[in-house]
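In this note's numbering, the protein residues as written are 193 to 351.
The beta-carbon is built from N, C-alpha and C at its ideal position, and this holds for glycine as well.
Remarks on the structure that follows.
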C-alpha cells in the first residue's frame with residue numbers, strides 16, 4: 193500500500209511537472225503523532241537532504257504555500273487502523289508543489305485528530321532526525337485525512 197501511494201505521488205508529480213511546476217516529492221521514513229507545547233499534529237520525518245530542500249524553499253521566502261490538495265487513500269484491509277494520504281502543498285504564484293505522502297495508525301493518532309477536528313486544523317510538520325527544527329503545513333479540514341466511519345465511531349465519552 194505504501195509503495196502504491198509513493199507511485200501515485202510520483203505520477204501526480206509528473207503531471208504537475210508537465211504543466212511547468214517545480215515539484216518536490218518527499219519520502220517520509222516515519223509519520224507519528226506529536227502533542228507538545230511548541231507543536232501539535234503529525235511529525236513527518238524525512239531525510240536530512242529532503243528536509244533542507246523544504247526548509248530552504250519555505251524559510252527563504254521563495255515559496256509561500258497558498259493552497260493544498262489532500263488525496264486520501266482508503267486501506268483495503270477491513271478493520272485496519274492504518275490510514276494513507278497524500279498532501280500536495282502548493283504555491284500558486286511560483287508554481288511550486290511539495291508532495292508529502294503520509295501513513296499513520298489511527299489509534300496512535302486519535303488524540304491528535306480529535307483536537308484537529310475540534311480546532312478545524314491539522315498541522316503536519318516536516319522534520320528530520322538530525323535537527324530540532326521543522327516546517328509546518330496547515331490543513332483546515334482534518335476530516336479529509338479520515339474515513340467518515342472513524343469520526344462516527346468516536347464519541348465524547350470514549351477515553
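By alpha-carbon distance to residue 265, the top candidate from 343, 344, 305, 201 is 201. Residue 200 carries a helical assignment under DSSP once its states are collapsed to helix, strand and coil.
When Cβ pairs closer than 8 angstroms are counted between the two stretches, the region 231-249 is seen to touch the region 215-222, the count reaching three or more. For residue 205 and residue 320, the gap between their C-alpha atoms comes out near 22 angstroms.
Counting every other CB atom within 10 Å of its CB across the protein chains shown gives residue 345 a total below 16, marking it as exposed. Within 10 angstroms of the beta-carbon of residue 194 lie fewer than 16 other beta-carbons, which makes it exposed.
Residue environment analysis places residue 282 among the buried positions, since at least 16 neighbouring C-beta atoms fall within 10 angstroms of its C-beta. Shown here, residue 213 sits in coil according to DSSP, grouped into three states, outside any helix or strand. For the pair residue 234 and residue 304, the CB atoms are nearer than the 8 angstroms cut-off. In this structure, residue 209 sits near residue 215, with a CB-CB distance shorter than 8 angstroms. The closest CA to that of residue 337, considering only 285, 279, 212, 244, is found on 279. The residue from 212, 329, 317, 340 with its alpha-carbon nearest to that of residue 257 is 329.
In the three-state scheme derived from DSSP, where H, G and I count as helix and E and B as strand, residue 302 is classed as helix. A Cβ-Cβ separation of about 7 angstroms places residue 343 in contact with residue 309 under the 8 angstroms criterion. Secondary structure of residue 250 (DSSP, three-state): helix. In terms of Cβ geometry, residue 318 and residue 246 form a close pair [threshold 8 angstroms].
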